[in-house]
Amino acid sequence: MQTLDYQGRTVVITGAASGIGLGLAHAFAEQGARLELVDRNAQALAATVEQLAVLTQVHGRVLDLNDDAAVADYASQLGQRQAQVNVLINNAGMELPTPLQDAAADANRRWQHQLDNNVVSMLRLTRALLPLLGKGSSVINQSSIWGLSAVAGFSAYVASKHAVIGLTRSLAWEMGGQGIRVNAVCPGWVGTDAAMASLRNMAQDSGRSEAEELEHILAAQAIPELLTPADLAGTFLFLGAPASAAITGQAIVVSRGEVMH
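Per our numbering, the sequence shown starts with residue -1, numbered consecutively.
Okay, here's the thing in structure tokens:
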């Protein structure tokens, strides 16, 4: 029977110093994985590495995933430390409102910036780490329930999360011949700072209070409770492990029943 044992396995997590990424870093550390953590926030990343070093071997790298040269350098240095990447979790991203009627001069640039951060960065890092991904490796891309549905005022984020699913399915075909699996996870409402900022924007647009907006959101779930990063950990642990060896090209929804497909 396959297990979720991560002893001796190398796991790369981007956006690992806060929110969902931080929760995943803790979960994989508790399972004994060797962690390679990436984030743009140097202070938060250093604190995360210090916390997890008591549990497992962990290395942190401050990295802009939109910088080709920096990503290539990271891949080179990682290859000197680790012979193989067993699990790559492309979690880093951003969530900002982009209303259609935004008349600011930089509105289009900000729209494109979200796609670069949420989609192109995943492709860039996956391509750079391809020499370290081998038979049995697993790539897990962070999407969203908004990658399967939509909401007004967040068209760049919604488009990017739809694109993540398309990228995931295409790469699953492209990398499957090498024995590499590629899946996406689509979380619902997780109580992170980014999600709560979106809730505040939605409340402002709807004219509801933040408490009323949250009640409205949770009413759409079969189980009306906010998710936590820890609630997602089991899905990621499973998708990264040999126990899920037959699963690839899938978009796994974790939303307490808000989206069922």
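Even glycine gets a Cβ: it sits at the ideal position worked out from N, Cα and C.
Boundaries for Arg206: no beta strand (DSSP E) harbours it, and the DSSP string shows neither H nor E there. Ala193 places its beta carbon 8 Å or farther from that of Val162.
About 4 Å separates the beta carbon of Gly13 from that of Asn89, a gap short enough to meet the 8 Å contact definition.
Here the stretch 114 to 126 does not lie against the stretch 210 to 225, with fewer than 3 beta-carbon pairs under 8 Å apart. By the Cβ-count criterion, Val52 is exposed, with fewer than 16 other Cβ atoms from all chains shown falling within 10 Å of its own Cβ. By the Cβ test, the stretch 53 to 72 is not in contact with the stretch 92 to 101, since fewer than three Cβ pairs between them sit closer than 8 Å. A residue is called buried when at least 16 other Cβ atoms come within 10 angstroms of its Cβ; Lys159 meets this threshold and is buried.
With fewer than 16 neighbouring CB atoms inside 10 Å of its own CB, Ser204 falls in the exposed class. The criterion of a C-beta distance shorter than 8 Å is satisfied by Gly21 and Ala231.
Bounds of the beta strand (DSSP E) holding Arg59 are Val56 to Val60. Taking a contact as a CB-CB distance under 8 Å, the pair Ala148 and Gln112 does not count as one, their CB atoms being some 15 Å apart. The C-beta separation of Val83 from Leu130 comes to about 4 Å, placing the pair in contact by the 8 Å criterion. Given a length threshold of 4 residues, each whole run of the alpha helix (DSSP H) inside the stretch 152 to 234 is given here in chain order: 153 to 174, 191 to 204 and 208 to 216.
Exclusion of the five residues before and after Pro222 leaves Leu216 as the residues of its chain whose Cβ lies within less than 6 Å of its Cβ. Fully enclosed alpha helix (DSSP H) runs of no fewer than 4 residues occupy 105 to 113 and 119 to 127 of the stretch 105 to 132, in order along the chain. The DSSP-derived three-state label of Arg32 is strand. With contacts defined by Cβ atoms closer than 8 Å, Gly238 and Ile138 form a contacting pair. Residue environment for Ser74: exposed (fewer than 16 other C-beta atoms within 10 angstroms of its C-beta). For Tyr4 against Ala31, the beta-carbon gap comes to about 4 Å, under 8 Å, which counts as contact. By the neighbour-count criterion, in which 16 or more other beta carbons inside 10 Å mark a residue as buried, Trp187 falls on the buried side. In the DSSP assignment, Leu86 falls within the beta strand (DSSP E) that extends over Val85 to Asn88.
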